[in-house]
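Read the structure below first, then the notes.
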Amino acid sequence: MNFHLTEEQQAFADSVRRFAQRELADGALERAHSPDYPRDVAAKLAHNGLLGITIKEEDGGIGGTLMDAVIAIQELGLVCPKSADVVQAGNFGPIRTFAEYASPELKERFLPDLIAGKSLLALGMSEPGAGSAVTELRTHAVEDGEHYVINGSKVFSTHSPHADTFLIYVRFGPGLDGIGSVIVERGTPGFEIGQPSAFMSGEAWSQLYFADCRIPKENLLLGPGGFKKQISGFNIERIGNSSRALALGRHAFNVAREHCLTREQFGRPLCEFQGLQWKFAEMAVKLEAAQLLLYRAAVNADDGMPSAYETSVAKMACNLAGWEVANEALQAMGAYGYSTEALVEYCVKRTRGWMIAGGSIEILKNRIAEDVFGRRFDQRRPKA
35 MNFHLTEEQQ AFADSVRRFA QRELADGALE RAHSPDYPRD VAAKLAHNGL
85 LGITIKEEDG GIGGTLMDAV IAIQELGLVC PKSADVVQAG NFGPIRTFAE
135 YASPELKERF LPDLIAGKSL LALGMSEPGA GSAVTELRTH AVEDGEHYVI
185 NGSKVFSTHS PHADTFLIYV RFGPGLDGIG SVIVERGTPG FEIGQPSAFM
235 SGEAWSQLYF ADCRIPKENL LLGPGGFKKQ ISGFNIERIG NSSRALALGR
285 HAFNVAREHC LTREQFGRPL CEFQGLQWKF AEMAVKLEAA QLLLYRAAVN
335 ADDGMPSAYE TSVAKMACNL AGWEVANEAL QAMGAYGYST EALVEYCVKR
385 TRGWMIAGGS IEILKNRIAE DVFGRRFDQR RPKA
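Start counting at 1 in the sequence shown, then tack on 34, and there's your number in the numbering used here.
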């Protein structure tokens, strides 16, 4: 058992760090507060092989591991937190489910531009009446000759105001086995993208509306019975979520540490006050513990899909550590941390959102408890 990166992994981490400091450090604050998707950053990341890391070489990707992508997110997040979102979109989110299950024809149509950073894929899963209870989704697809006709709506879709293509969860029939997914392109007749709304972090999302939206059958990703495959792919998204939460918590920690080394009150540097020493010691322990759980989930998934249990544990630990550390870092910096002139307040807002997105902390606890007790706990009301 080795708790350190391999020589090759450390060399990769060092190269990503140098790239980030050279290409992304300038403008990091402005990017963080912009609601736009940084396509210029996506192009730079693609040029340096940081998009498509987890996608097979035969599909145009790098053929790396989840651990490689985790390292990339963490190194970029320490320099430019917003850029870590681009690595997530190019490695962990719906692109990974797409690359795993799409037909060769679909891959040929969409993957080259996605990996090159020229195109962006968003996920449409949550609905007004189906959030954590995603199996209660109502957006449905009906077969009609050589097409599927889609009706329904989606909410809280990350990157939805900017995406070119959408991976949409739909219902083909009743029950769990009736759920699958399709690919819908921006501009398809019957598909409308609503006006952007803002999250607390400043990130924007748009409601997606489908009114007799016709797509060709070739745009089918997973048909009826595909839900479990989609969710297994979603576990990869949780590793990306965990990586960003931890990276931004550590970013805030590093900024606050430097502040406490140099800022003086009562004639002494802040770091000489025991109350702050204890605060930083507790933050360090939370970050280190969550880091190990994240690495476990990523490394154990290198030969296949990650474990639902290990990703749930990692996401819960990283979400809590990232949020708590960023929040304490802000407190340690006082008004400087609360100011929008520092990235610490941005890290607080972003890490808070990831405790909801990708499976809330409460849902993760339910999932972990099922492994603890070796049985499933249905959250629905008992049937009469």
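We put the CB at the ideal spot given by N, CA and C, even for glycine.
On a predicted model such as this, the values are computed, not experimentally measured, just so you know.
- Task: Locate the alpha helix (DSSP H) running through Ser-277, then write down its first and last residues.
- Result: Under the DSSP assignment, Ser-277 falls in the alpha helix (DSSP H) whose first and last residues are 261-296.
- Three-state secondary structure (DSSP) at Cys-305? helix
- Task: May I have the straight-line CA-CA distance separating Leu-354 from Met-389, to the nearest angstrom?
- Result: 7 Å
- Is the beta carbon of Thr-385 sitting closer than 8 Å to the one on Gly-283? Result yes, Cβ atoms of Thr-385 and Gly-283 sit closer than 8 Å.
- In chain order, what residues of the same chain have a beta carbon less than 7 Å from the beta carbon of Tyr-71, not counting five sequence neighbours either side? Leu-154, His-193, His-196
- Query: So what's Pro-162 in DSSP terms, helix, strand or just coil?
  - Reply: coil
- Query: Straight-line CA distance for Ala-164 to Glu-41?
  - Reply: Those two C-alpha atoms are separated by around 45 Å.
- Query: What do you reckon, are the CB atoms on Tyr-182 and Ile-265 nearer than 8 Å?
  - Reply: no
- Message: With a threshold of 7 Å on Cβ separation, who are the neighbours of Pro-258 within its own chain once the five nearest residues in sequence on each side are excluded?
- Response: The answer, listed in chain order, is Phe-206, Gly-207, Asp-211, Gly-212, Gly-214.
- Report the three-state DSSP secondary structure of Glu-375 (helix, strand or coil). coil
- Message: Could you give the first and the last residue of the continuous alpha helix (DSSP H) run that contains Asp-74?
- Response: Counted as a single uninterrupted DSSP element, the alpha helix (DSSP H) harbouring Asp-74 occupies residues 73-81.
- Mind the definition here: the region 173-191 touches the region 116-135 only if three or more C-beta pairs lie below 8 Å; say whether that holds. no
- Item | Beta-carbon gap between Phe-132 and Ala-103 smaller than 8 Å | Result no, Cβ atoms of Phe-132 and Ala-103 do not sit closer than 8 Å.
- What first and last residue would you give for the beta strand (DSSP E) that runs through Thr-173? In this chain, Thr-173 is not harboured by any beta strand (DSSP E), its DSSP state being neither H nor E.
- Message: Looking at the strands, I want to know which residues DSSP matches up with Thr-199.
- Response: Leu-155, Glu-219
- Query: On the three-state DSSP scale, how would you describe Gly-124?
  - Reply: helix
- Task: Report the rounded CA-to-CA distance for Glu-292 versus Cys-247, giving the unit in angstroms.
- Result: Each residue's Cα considered, the two are about 54 Å apart.
- Task: Check the C-beta distance from Leu-364 over to Gly-356 and give it rounded, since I have them as a contact under 8 Å.
- Result: That belief does not hold up - the Cβ atoms of Leu-364 and Gly-356 are roughly 13 Å apart, past 8 Å.
- Go ahead and label Glu-271 buried or exposed: buried means 16 or more other beta carbons lie within 10 angstroms of its beta carbon, across all protein chains shown. buried
- Query: Among residues of its own chain, excluding the 5 on either side of Glu-457, which ones have a beta-carbon nearer than 6 Å to its beta-carbon?
  - Reply: The chain is shown only over 35 to 418; residue 457 falls outside these bounds and no answer can be derived.
- Query: Is it true that the CB of Ile-129 sits closer than 8 Å to the CB of Gly-94?
  - Reply: no
- Message: Can you tell me whether Gly-356 is helix, strand or coil according to DSSP?
- Response: helix
- Message: What does DSSP give as the partner residue(s) for Thr-192 in the beta ladder?
- Response: Answer by DSSP bridge pairing, in chain order: Trp-239.
- Message: Rounding to the nearest angstrom, what Cα-Cα distance links Leu-63 and Glu-379 in this structure?
- Response: Looking at the two C-alpha atoms, the distance is approximately 11 Å.
- Proximity below 8 Å, CB of Ala-366 to CB of Cys-381: no
- Message: I need the boundaries of the beta strand (DSSP E) containing Glu-57, first residue and last residue.
- Response: Counting along the chain, Glu-57 sits inside no beta strand (DSSP E); it lies in the alpha helix (DSSP H) bounded by residues 41-57.
- Task: Can you tell me the Cβ-Cβ gap for Leu-321 and Leu-280, rounded? I've got them flagged as a contact below 8 Å.
- Result: Contact between Leu-321 and Leu-280 holds: their C-beta atoms lie close to 7 Å from each other, under 8 Å.
- Task: Figure out for me which residue from Leu-310, Glu-316, Glu-306, Lys-399 has the closest Cα to the Cα of Ala-348.
- Result: Lys-399
- Check Leu-85 in the structure and name its three-state DSSP category. Reduced to three states, the DSSP call for Leu-85 is coil.
- Query: Nearest to Lys-90 by CA position, among Gly-98, Lys-383, Phe-314, is which residue?
  - Reply: Gly-98
- Message: Going by DSSP in three states, Asp-70 sits in which element: helix, strand or coil?
- Response: coil
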